[in-house]
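These notes concern the structure reproduced below.
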Amino acid sequence: MTKLIGSTAVELSKLLRARDVSAREVLAAHLERIDEVDGRVNAFLRLTPELAAAQADAADRALKAGDAGPLTGIPVAVKDVLCVRGVETTAGSQILRGFKPPYTATAVARLFEAGVVMVGVTNCDEFAMGSSTENSGYFPTHNPWDLDRVPGGSSGGSAAAVAAGAAVIALGTDTGGSIRQPAALCGVAGMKPTYGRVSRYGLIAFASSLDQIGPFARCVDDAAMTLSLMAGYDPLDATSSERPRQDVLNNYGGDIKGMRLGLPREYYDVEGIEPGVKSAVDRALQLLRDSGAEIVDVTLPHTDYGLAAYYIIAPAECSSNLARFDGVRFGMSDQDAPNIIEAYSRTRRQGFGSEVRRRIMLGTYALSSGYYDAYYLKAQKVRTLIKADFDQAFTKCDAIVSPTSPTVAFPIGSRTQDPLSMYLCDVFTLGGNLAGLPGISVPCGMSDGLPVGLQVLAPQWGENLALRVARAYETAGGGMAAMPSLLRGEG
Amino acid sequence: MTGVDWEVVIGMEVHVQPRTRTKMFCGCAVGRLGDPPNSNVCEICLGLPGVLPVINRAAVEACLKTALALGCEIPRHTKFDRKNYMYPDLPKGYQISQYDLPMSVNGQLEVGGRAVRIRRVHLEEDTGKLIHAGDKLHRASESFVDLNRAGVPLMEIVSEPDLRSADQARDYAMALRTLLRTIGASEAEMEKGQMRAEPNISIRRAGSAELGVKTELKNINSFRSLHRAILFEVARQVEVLESGGTVLQETRGWSEAEGRTFSQRSKEFAEDYRYFPEPDLPPLELDPAWIEELRRALPELPSVRNSRLVAEHGLPVADANVIAADRELADLFEGAVAAGAPARQAANWIVGEVAPTGKLPSPKNLAELVKFVSEGAITRDQGKEVLVESVETGRRPSEIVTEHGFVQLSDEGELLAVAEAVVAANPKAVEDYRSGKKQALQALMADLRRRAPQANPKVASGLLLKLLA
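As they're listed, the protein sequences go chains R and Z. According to this note's numbering, numbering within the first sequence proceeds without interruption in unit steps and concludes at 510. According to this note's numbering, numbering within the second sequence proceeds without interruption in unit steps and concludes at 1860.
As structure tokens, then:
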């Protein structure tokens, strides 16, 4: 049964369709795997075995009837910010402990319709605010490649679950790098789609103009398939695009001969980038050249201002988005306060962790009368400049390649006292969010036994281009060992 | 400072619920006053985590129609913004409204022959309702939240401070209601909470160009309260200033029961709303072709119709004002005229008999009735009876007249006998008349009408005068 663990969805789907194995057996193997490893990894906040069993049975019926899709019967883990009807969903926060939404996020519902089997809810930084999953209101998640290190974040639980073989696919959300960075640090593929590609309905918002849902997977094909099944217009999300979801897969399987790949010097020739990361990326660039691509220098001159703009815009939106957590209608509620103002204060002081409170205060300040022009408005102008940077760069190249993160996974606790050093984790990824671009991180080898990620960014709606580059790289032999040695061969 | 002439300056903020089936950003029914608490709610208007708003096209359409009817400019681009404040009646902790790019600006509404400038018309969502055990939220022992109203669409119509009296403010609100009903944008029933008027009131020395400190009045739910509240508030401000005090800029509630305004929002609640563009809703680009289509589909507006009633039908301005203020009355009038009724008499019947009851005959029946009376076939008093019966039963006046044997008695021979009987029976009145009290004729005519209700009043009074001479 262990051969089922560590397989891709493409491989498992073949076995399932050939009826060599049932969805029930695939599920059992993964629940067993979770049992073996998750005591150390802590990728999951909650398991959903009953839902999984019902979905596996339904998948088996569909498989028997010859009515199965590419993800029918595939075990999937879902980040704790995506609402699933009747399943406790808490955004990694104590303030939502016990909250069971009466609705399912559109992206998740579409995967359910496609026949996936949800095994559990994965840990994350509280309200997706963080880059290490240490800001979870419950417990930190450990990197399967080195249990003393972080998995990245905020979707660290989802990345770790796939890396540990506990799920074949996992869903995350990416606001400033929260899919791509943990994918890099855990050695799996992770994709953030174009803003508007996937409905945000049912995603507990951090920053509405930046958030996107995307997949973690063990290979590019799995990520592409999952994304295409989640994508497409949703009448419940006015920011979702009417572009056909099949766009995502358009010609993505082709080669990259003659493609021009831009290497932004601001994402490469900079201080703070670890030598091991740089040499892994250099090897990846060589492999891409060998596959027929041309690497060209491009520049994104406003990159330095991106981080500052991001840390105005995202907190500003979150300060408003999180106002609904007031203890009146759901979630934690202080019942002993003498008046409403005190009830708000106590509920929110107890329910929110320190990073969430820090960002609410930052955002409230940035939107305040007298400061709005100097902060929020200026940040929006920077955002426009960042978009223009990318537009300019894409006149010289078809896609952009870079390291996903300047570092490999860092030790748990090493950055928690210094928020700014934590914020720097996203320096290569958040530009993609500010500009609304699609981006994917794929494993590109190791540095001192820890995974390094290669990021591919494409123009708006160019998921197929990013996927094509990533897939060509993977096919040419990029990537890494399929399973962390720490956990390999156990059980 | 006594003896100073004070000028009243009023601007109006009117919130109107556009006629839609569903709420502003979700599929919940807008419901009615009196629905069980929290019966028209869903995860979206409850503001549960992860939900998103979607704009109600019907609300946008109603708002655009209103803006067009008010002659507003409609910018090509408009957007929604978040107005942030925490209160238990506001589920999301922010209200989706419009801040710096409203759906329309710079219009005007004609009220009693004067143009009142409209600053803007925009769309937003309503809040829920709190019911406190105790008086105020922060002192209540227990509070209940009803979110049926949360997310109900509202148009906010803001005037410039162009109104100068309580009368004008009330007339403005009434003209607005007529306009909204005429174009079908809203029922605009104040008593049903579909229209709320919030006057901003200040006073200044007559002749001064500077505006005084204003107060904003809330909780007004009828035209009558609007009028009373403004009169009270103006008097209060005059008293404050004349006794050497200063008017505080504040929101004041109107207590209908006590007939006074009271300070409602104190300084501790002074808010910074931290407006910013609503990221969950892309900016709206309004298609000029759609706007043009809406403009063409607008019915004739009350002010235009008013002028036309005067110009085309020769109505007195007072009658035209009453008739044009109500689309149904105006339609009835024009229908009756088309069916052959003489215009001024038809207007007279509508203003005098139909409008006060609010019960409308069909245009054809009204025309028939007006003709009977104006041609002298029946008396006006008989005509009133026929009208009531025709409205109740829907039957034609000619049938009713025949059935009751209503005819106007104009035969001098028959009437002379009645007139002689009246003179004989009222020696005191006759004596009074002959001694110069001409109004005594009224009493004699009244007795004559009692004895012969069908009498032609002109012929009868002529006979009486002859007998009295």
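Note that CB positions come from ideal geometry on N, CA and C, so glycine has one too.
Quick check: is the beta carbon of residue i nearer than 8 Å to any beta carbon in chain Z?
| i | result |
| --- | --- |
| R/Gly25 | no |
| R/Cys463 | no |
| R/Tyr363 | yes |
| R/Leu130 | no |
| R/Ser173 | no |
| R/Cys143 | no |
| R/Leu222 | yes |
| R/Ala110 | yes |
| R/Tyr214 | no |
| R/Ser440 | no |
| R/Tyr157 | no |
| R/Asp353 | no |
| R/Arg104 | no |
| R/Asp392 | no |
Go ahead and label residue i buried or exposed: buried means 16 or more other beta carbons lie within 10 angstroms of its beta carbon, across all protein chains shown.
| i | result |
| --- | --- |
| R/Asn358 | exposed |
| R/Lys98 | buried |
| Z/Ile1621 | buried |
| Z/Thr1793 | exposed |
| R/Asn270 | exposed |
| R/Ile53 | buried |
| Z/Ala1626 | exposed |
| Z/Lys1456 | buried |
| Z/Ser1684 | A small fix is needed here, since residue 1684 of chain Z is Glu in this sequence, not Ser. Z/Glu1684 is exposed by the Cβ-count criterion. |
| R/Val461 | buried |
| Z/Ile1522 | exposed |
| R/Leu439 | exposed |
| Z/Ser1532 | exposed |
| Z/Lys1474 | buried |
| Z/Lys1819 | exposed |
| Z/Trp1740 | buried |
| Z/Leu1424 | exposed |
| R/Glu336 | buried |
Thinking residue i and residue j are a contact (beta carbons under 8 Å), I'd like their distance in whole angstroms, please.
| i | j | result |
| --- | --- | --- |
| R/Asp427 | R/Val296 | Asp is not the amino acid found at residue 427 of chain R; the sequence shown has Val there. That pair is a contact at about 6 Å. |
| Z/Gln1438 | Z/Pro1482 | The amino acid occupying residue 1438 of chain Z in the given sequence is Gly; Gln does not appear at that position. Right, their Cβ atoms sit about 3 Å apart. |
| Z/Asn1429 | Z/Asp1537 | 6 Å |
| Z/Glu1578 | Z/Arg1572 | 7 Å |
| Z/Ala1460 | Z/Pro1409 | About 13 Å; that fails the 8 Å criterion. |
| R/Thr258 | Z/Asp1671 | 7 Å |
| R/Ala87 | R/Gly134 | 6 Å |
Comparing the C-beta of residue i with each C-beta of chain R, is any distance below 8 Å?
| i | result |
| --- | --- |
| Z/Asp1663 | yes |
| Z/Asp1537 | no |
| Z/Lys1658 | Because Z/Lys1658 carries a pLDDT of 49, less than 50, the predicted location of this residue cannot be relied on, and the following value inherits that uncertainty. Not an interface residue. |
| Z/Arg1473 | yes |
| Z/Gly1705 | no |
| Z/Met1392 | With a pLDDT of 48 at Z/Met1392, under the threshold of 50, the modelled position of that residue is not reliable, and the figure given next carries that caveat. Not closer than 8 Å to any Cβ of chain R, the Cβ of Z/Met1392 fails to qualify, so no. |
| Z/Pro1670 | yes |
| Z/Phe1724 | no |
| Z/Glu1516 | no |
| Z/Glu1434 | yes |
| Z/Pro1427 | no |
| Z/Phe1667 | yes |
| Z/Pro1544 | no |
| Z/Pro1674 | no |
Which ranges does the alpha helix (DSSP H) cover as unbroken runs of at least 4 residues, wholly within the stretch 263-338 of chain R, from first to last along the chain?
If only complete runs of 4 or more residues are kept, the stretch 263-338 of chain R shows the alpha helix (DSSP H) at 294-309, in order along the chain.
Interface positions of the stretch 237-265 of chain R facing chain Z (Cβ-Cβ less than 8 Å), listed along the chain:
Residues passing the 8 Å Cβ filter: Pro254, Leu255, Asp256, Ala257 and Thr258.
Return the chain-ordered ranges of every alpha helix (DSSP H) run that is complete within the stretch 1711-1754 of chain Z and spans a minimum of 4 residues.
Entirely contained in the stretch 1711-1754 of chain Z, the alpha helix (DSSP H) runs reaching 4 residues are, in chain order, 1718-1729 and 1734-1740.
Check distances from the C-beta atoms of the stretch 1438-1457 of chain Z to those of chain R and list, in chain order, the residues that come in under 8 Å.
Cβ contacts with chain R come from Gly1438, Leu1439, Pro1440, Gly1441, Val1442, Leu1443, Pro1444, Val1445 and Ile1446.
Residue ranges of each beta strand (DSSP E) within the stretch 89-145 of chain R, 3 or longer:
Entirely contained in the stretch 89-145 of chain R, the beta strand (DSSP E) runs reaching 3 residues are, in chain order, 94-98 and 136-141.
Against chain Z, which members of the stretch 176-194 of chain R pass a CB distance test of less than 7 Å?
For the stretch 176-194 of chain R, which is checked against every Cβ of chain Z, not one residue is closer than 7 Å.
Of the residues that make up the stretch 1468-1495 of chain Z, which ones have a beta carbon closer than 9 Å to any beta carbon in chain R?
Of all residues in the stretch 1468-1495 of chain Z, only Arg1473, Asn1475, Tyr1476, Met1477, Tyr1478, Pro1479, Leu1481, Pro1482, Lys1483, Gly1484 and Tyr1485 come within less than 9 Å of chain R when Cβ atoms are compared, listed by chain position.
The stretch 317-338 of chain R: which residues have C-beta closer than 7 Å to a C-beta of chain Z, in chain order?
Per Cβ criterion, the list reads Ala335 and Glu336.
Members of the stretch 1770-1794 of chain Z that neighbour chain R once the beta carbon cut-off is set at 9 Å:
Contacts with chain R (Cβ-Cβ distance below 9 Å) from the stretch 1770-1794 of chain Z involve no residue at all.
So within the stretch 196-244 of chain R, which uninterrupted alpha helix (DSSP H) runs reach at least 4 residues, ignoring any that extend past its ends?
199-205, all fully within the stretch 196-244 of chain R.
Let me know the alpha helix (DSSP H) ranges lying completely inside the stretch 1768-1840 of chain Z, each 4 residues or longer, listed in chain order.
Correct list: 1771-1784, 1788-1795, 1803-1816 and 1818-1825.
Interface residues of the stretch 396-416 of chain R facing chain Z [CB-CB below 8 Å]:
Going along the stretch 396-416 of chain R in chain order, one finds no residue with a Cβ nearer than 8 Å to chain Z.
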